[in-house]
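Its first residue numbered 1, the sequence shown is counted upward by one per residue in the UniProt record's numbering.
Shown next, in structure tokens, is the structure this report addresses.
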Amino acid sequence: MKLEQNKKYLTVSLYAFLVIVASILFFLFLFNISYFTSLLSKIVGILSPFIYAFSIAYLLNPLMKWLERRVVHPICKEKLKPKFQRMISILLTFAVFLAVLAILFFTIIPEVANSISNLTHNISSYATKLEDFAKSTLVYFLGDEQTAAHLVQNIGGMIGSAEEVLYKVYTMVTNALPHVVGYTIQITSGIVRVLVGFIISIYVLYNKERFLAQSKKVLYALMKKERVDSLIRLGHKSNAIFSGFIGGKILDSLIIGVLCFIFMSIFSFPYPMLISVLVGVTNVIPYFGPFIGAIPSILLVLMINPVQALWFALFILALQQFDGNILGPKILGQSIGISAFWVIFSIILAGGLFGFLGMFIGVPVFAIIYTLIRGFIEERLAKKNMPTDTHDYTSDDNPIRF
Numbered sequence: 001m002k003l004e005q006n007k008k009y010l011t012v013s014l015y016a017f018l019v020i021v022a023s024i025l026f027f028l029f030l031f032n033i034s035y036f037t038s039l040l041s042k043i044v045g046i047l048s049p050f051i052y053a054f055s056i057a058y059l060l061n062p063l064m065k066w067l068e069r070r071v072v073h074p075i076c077k078e079k080l081k082p083k084f085q086r087m088i089s090i091l092l093t094f095a096v097f098l099a100v101l102a103i104l105f106f107t108i109i110p111e112v113a114n115s116i117s118n119l120t121h122n123i124s125s126y127a128t129k130l131e132d133f134a135k136s137t138l139v140y141f142l143g144d145e146q147t148a149a150h151l152v153q154n155i156g157g158m159i160g161s162a163e164e165v166l167y168k169v170y171t172m173v174t175n176a177l178p179h180v181v182g183y184t185i186q187i188t189s190g191i192v193r194v195l196v197g198f199i200i201s202i203y204v205l206y207n208k209e210r211f212l213a214q215s216k217k218v219l220y221a222l223m224k225k226e227r228v229d230s231l232i233r234l235g236h237k238s239n240a241i242f243s244g245f246i247g248g249k250i251l252d253s254l255i256i257g258v259l260c261f262i263f264m265s266i267f268s269f270p271y272p273m274l275i276s277v278l279v280g281v282t283n284v285i286p287y288f289g290p291f292i293g294a295i296p297s298i299l300l301v302l303m304i305n306p307v308q309a310l311w312f313a314l315f316i317l318a319l320q321q322f323d324g325n326i327l328g329p330k331i332l333g334q335s336i337g338i339s340a341f342w343v344i345f346s347i348i349l350a351g352g353l354f355g356f357l358g359m360f361i362g363v364p365v366f367a368i369i370y371t372l373i374r375g376f377i378e379e380r381l382a383k384k385n386m387p388t389d390t391h392d393y394t395s396d397d398n399p400i401r402f
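Right under this line is the structure:
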């Protein structure tokens with residue numbers, strides 16, 4: 001009895017000690033937040049090659065698995081051992097990846113940069129064309145050249161002249177492509193770390209099953225089996241959500257960008273590469289992305305050729321309908337598992353905190369958090385022998401009205 005009482009006091013003392021230590025650490029962090037922030041930044045900088053490595057490995061893993069399962073294994077299943085098949089799959093994966101990077105850096109980015117440079121040099125002529133078109137259109141409908149000129153002058157005064165509007169459009173276009181310029185500069189400045197990350201990612205892909213097995217081994221050693229099983233299920237679900245959304249959205253946006261480029265090239269629209277990249281990149285953002293890409297693109301074409309702008313607007317509308325109703329559901333399916341309300345909420349929240357990148361990854365991250373909270377709530381309800389289906393709480397027996 002005395003032993004049990006001492007054990008009880010020991011447990012209480014241990015919890016009290018841990019609370020005191022946690023409180024001290026919290027206040028130390030609170031009053032030295034700049035030091036801890038710089039320390040965290042330094043640690044992240046040191047570990048950045050590993051962060052690059054795991055990010056690259058995670059992005060390339062679906063392609064590697066597909067090549068291993070559909071290409072390498074059917075050809076080499078009786079000739080090579082599995083480890084050699086994995087090595088060949090990794091080599092093919094990185095060959096494809098490097099080919100895509102080569103196309104990006106030596107074809108797309110120079111063309112986009114050239115288009116932006118050409119656009120800035122022709123701002124004045126585009127502004128003049130826009131003013132002349134507006135004046136001739138108003139003369140046609142009003143039948144009075146003096147009134148039309150007066151209206152054009154008033155409109156120019158309200159918006160700061162057509163040249164200023166074009167410059168604003170140019171600014172919107174360049175700001176909508178931060179990853180093309182900003183991320184390129186970042187990658188160039190940290191080229192050594194990226195190269196080290198590439199090398200480490202090869203090792204990660206080759207030994208991914210071993211790393212996962214070691215992680216499971218540690219978890220089972222430290223936690224109860226039921227809790228670890230629950231964490232593994234959550235991990236599978238989170239991976240399905242995140243990889244399904246990221247990979248699907250990139251593929252979907254790539255197809256949309258290519259279709260836009262083909263259409264603009266066939267019908268000789270201005271700046272096909274620049275506008276197609278803008279449309280494709282912004283398309284990765286659900287709901288808002290098509291508008292973010294379409295509006296400045298239409299305005300840009302309007303400045304150069306107002307008649308073509310009408311046809312381009314109709315094409316963009318048809319393209320987004322095709323994406324929203326056919327292509328997107330075919331590629332993404334039901335990979336997110338949250339309603340449109342929470343998708344918009346996550347985009348606004350993550351976009352406000354982390355910018356363009358937050359608008360892109362905010363949806364799958366929020367979907368994972370949503371899955372966690374839903375699982376916790378359903379587990380608590382199940383312990384109380386209460387229904388877990390939301391529809392059971394909309395009954396007329398106990399309604400909630402506003």
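Cβ coordinates follow ideal geometry from the N, Cα and C atoms, glycine included.
Keep in mind that this is a model prediction, so the values were computed, not measured.
Spatial neighbours of P364 in its own chain (CB-CB distance under 6 Å, excluding positions within 5 residues in sequence) are listed in chain order as I241, F242 and F245.
Bounds of the alpha helix (DSSP H) holding G362 are A340 to K383. The Cβ atoms of G358 and A367 do not sit closer than 8 Å to each other.
The segment 89–96 makes contact with the segment 50–64: 3 or more CB pairs, one atom from each, lie closer than 8 Å.
By the Cβ test, the segment 286–294 is not in contact with the segment 213–227, since fewer than three Cβ pairs between them sit closer than 8 Å. Judged by beta-carbon spacing, L274 lies within the 8 Å limit of S115, meaning their Cβ atoms are closer than that value.
According to the DSSP assignment, F288 belongs to no alpha helix (DSSP H), since it is labelled neither H nor E. In the DSSP assignment, S215 falls within the unbroken alpha helix (DSSP H) covering K208 to L222.
Per DSSP, M386 lies in no alpha helix (DSSP H) and is assigned neither H nor E. Taking C-beta separations shorter than 6 Å and ignoring five residues to either side along the sequence, the partners of S276 in its chain run G257, C260 and F261, following chain order. Under the three-pair Cβ rule at 8 Å, the segment 380–396 does not count as touching the segment 263–272.
Rounded to the nearest angstrom, the gap between the Cα atoms of I202 and Q85 is 14 Å. Counting of Cβ neighbours within 10 angstroms places Q321 among the exposed residues, the total staying below 16. Between A53 and I200, the gap from beta carbon to beta carbon is short of 8 Å. Distance from the CA of L101 to the CA of F50, rounded to the nearest whole angstrom, comes to 20 Å.
Here S297 is buried: its Cβ has 16 or more other Cβ atoms, across all protein chains shown, within 10 Å. Cα atoms of Y220 and G375: separation of roughly 21 Å, rounded to the nearest angstrom.
Straight-line measurement puts the Cα of F288 at about 26 Å from the Cα of N305. One alpha carbon belongs to L317, the other to L278, and they sit about 15 Å apart.
Just so you know, the alpha carbons of G45 and L59 end up roughly 21 Å apart. In the assembly as shown, P286 is a buried residue. Its beta-carbon has 16 or more other beta-carbons within 10 Å.
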